[in-house]
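Per numbering that gives the first Met the number 0, residue 0 is the first one in the sequence shown, and the count goes up by one each step.
Note that CB positions come from ideal geometry on N, CA and C, so glycine has one too.
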Amino acid sequence: MRPLALAFLLSGLALAQYTLPELRARAYGEGGFRVERVLEERARFTRVQFSHLSEGLRVHGFANLPKGRGPFPVVAVLHGYVEPSRYRLLAYTAPYADWLAERGFLVLHPSYRGHPPSEGAPARGLRHPYAVDVLNLLAEVRKGAFPQADPARIVLFGHSMGGGVAQIVALVDPGLRGAVLYGSMSGDERLNLERIRFWSGGTRGGELYTLPPELLAAHSAWTYLEDLRVPLSVHHGLKDAQVPPEWSWALCRRLKALKKPVECFSYPAGHLFWGEAEAQFRARVAAFLGRVFR
0 MRPLALAFLL SGLALAQYTL PELRARAYGE GGFRVERVLE ERARFTRVQF SHLSEGLRVH
60 GFANLPKGRG PFPVVAVLHG YVEPSRYRLL AYTAPYADWL AERGFLVLHP SYRGHPPSEG
120 APARGLRHPY AVDVLNLLAE VRKGAFPQAD PARIVLFGHS MGGGVAQIVA LVDPGLRGAV
180 LYGSMSGDER LNLERIRFWS GGTRGGELYT LPPELLAAHS AWTYLEDLRV PLSVHHGLKD
240 AQVPPEWSWA LCRRLKALKK PVECFSYPAG HLFWGEAEAQ FRARVAAFLG RVFR
């Protein structure tokens, strides 16, 4: 067998374990949870670094733990793409984690595999291994990793790539109370791979782009939207030059046609919001959390 054909076959075999049906069939929570150290004390919350196991890898993150006994509802903030070699534990999404903790939520901010200090290689192309990391973390929370957390009240907050990860997790874990998608990647993995090739000038995503359409469909959240049981709050900037706003509007149209619980908002903003758009976004997120955490 020629090397290229062999590489193609091995890619397909490796990816097959991350289709949505395969992810749904797994058990999560590999153990090994521990609080590594206290990072910071603030008036309303304590920031700690934690780690746990995911597919045998020690994956890290930080948690903002509100002061008090709880139990506190949980929000998992899922960051977007950052070149792994430049990633730091306190990523660009840390201000959202801090804002939510100030409002009384216990906030988890995972650093996916391959993002320092987490072990392993980063995912390339399809981000489903990151969804596995999140699912293993949520399982640890439900097993009592954080005694002050309310394991029955968990919401996802995903920006960009993190929004794509959130869509996968929401379709695997129906016990979530909701998910906020902020400038989210598509639930159609073929569109995501096309965008990765565009961003990289054609240097990344090529091999995966040639995979059979049925294999990409089996990995795509879009394929399984009829199964969604988790309310979504979708937000996208009309001037987003990194992730096409139409991806969010297509998701909203599809969910509304399926009569799924979804709310959708547009903003005169780019990939990250600032000023008035940011204030309006935060107010809408707070209102959504207030409803789903009742």
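Under the three-state DSSP convention, the category residue i falls into
i	result
residue 16	coil
residue 27	coil
residue 181	strand
residue 252	helix
residue 91	coil
residue 62	strand
residue 289	helix
residue 140	helix
residue 266	strand
residue 118	coil
residue 73	strand
residue 219	coil
residue 127	helix
residue 110	coil
residue 148	strand
residue 284	helix
residue 67	coil
residue 347	It is not possible to answer for residue 347, since the shown part of the chain is limited to 0 through 293.
residue 257	coil
Top-ranked residue by Cα proximity to residue i, from the options
i	options	result
residue 225	251, 93, 74, 125	251
residue 132	167, 232, 190	167
residue 32	240, 137, 192, 158	137
residue 182	94, 156, 228, 173	156
residue 122	108, 102, 164	164
residue 222	82, 188, 42, 52	188
residue 285	232, 111, 16	232
residue 16	267, 71, 261, 54	54
residue 81	257, 258, 90	90
residue 86	113, 25, 139	113
residue 297	94, 184, 59, 104	As shown, the chain starts at 0 and ends at 293. That puts residue 297 outside it, with no answer to give.
residue 124	238, 259, 192	192
residue 259	227, 276, 244, 243	227
residue 27	92, 142, 242	142
Alpha-carbon spacing of residue i relative to residue j, whole angstroms
i	j	result
residue 291	residue 177	7 Å
residue 271	residue 79	11 Å
residue 117	residue 100	23 Å
residue 149	residue 186	29 Å
residue 128	residue 18	11 Å
residue 269	residue 162	16 Å
residue 235	residue 264	7 Å
residue 61	residue 88	7 Å
residue 190	residue 160	13 Å
residue 144	residue 67	17 Å
residue 254	residue 220	12 Å
residue 274	residue 289	23 Å
residue 279	residue 180	15 Å
residue 229	residue 77	17 Å
residue 102	residue 151	19 Å
residue 139	residue 42	27 Å
residue 109	residue 72	17 Å
residue 281	residue 95	9 Å
residue 83	residue 283	31 Å
residue 247	residue 184	8 Å
residue 217	residue 52	26 Å
residue 242	residue 158	11 Å
residue 120	residue 57	12 Å
residue 98	residue 261	23 Å
Start-to-end residues for the alpha helix (DSSP H) that takes in residue i
i	result
residue 166	160-171
Extent of the continuous beta strand (DSSP E) to which residue i belongs
i	result
residue 48	44-53
residue 84	Residue 84 -> no beta strand (DSSP E), and no H or E assigned at all.
residue 234	231-236
Heavy atom of the ligand NAP within 7 Å of residue i beta-carbon
i	result
residue 58	For the ligand NAP, the structure offers nothing, since it holds no ligand at all.
Nonlocal neighbours in the same chain, by C-beta distance under 6 Å from residue i, ignoring five residues either side
i	result
residue 7	With a pLDDT of only 36 at residue 7, under 50, the local geometry of the prediction cannot be trusted, and the value read off the model is given with reservation. Nothing meets the Cβ criterion.
residue 277	none
Contacts around residue i, its chain only, beta-carbon distance under 8 Å, and the 5 residues preceding and following it disregarded
i	result
residue 45	37, 39, 63, 64, 66
residue 22	127, 130, 131, 134, 167, 171
residue 238	267, 268, 269
residue 35	47, 48, 49, 50, 59
Below-8 Å beta-carbon distance, residue i vs any chain B residue
i	result
residue 119	Of the protein chains in this structure there is only one, and it is not chain B.
Neighbourhood of residue i by C-beta, 7 Å cutoff - its chain only, sequence neighbours within 5 removed
i	result
residue 175	153, 154, 155, 169, 229
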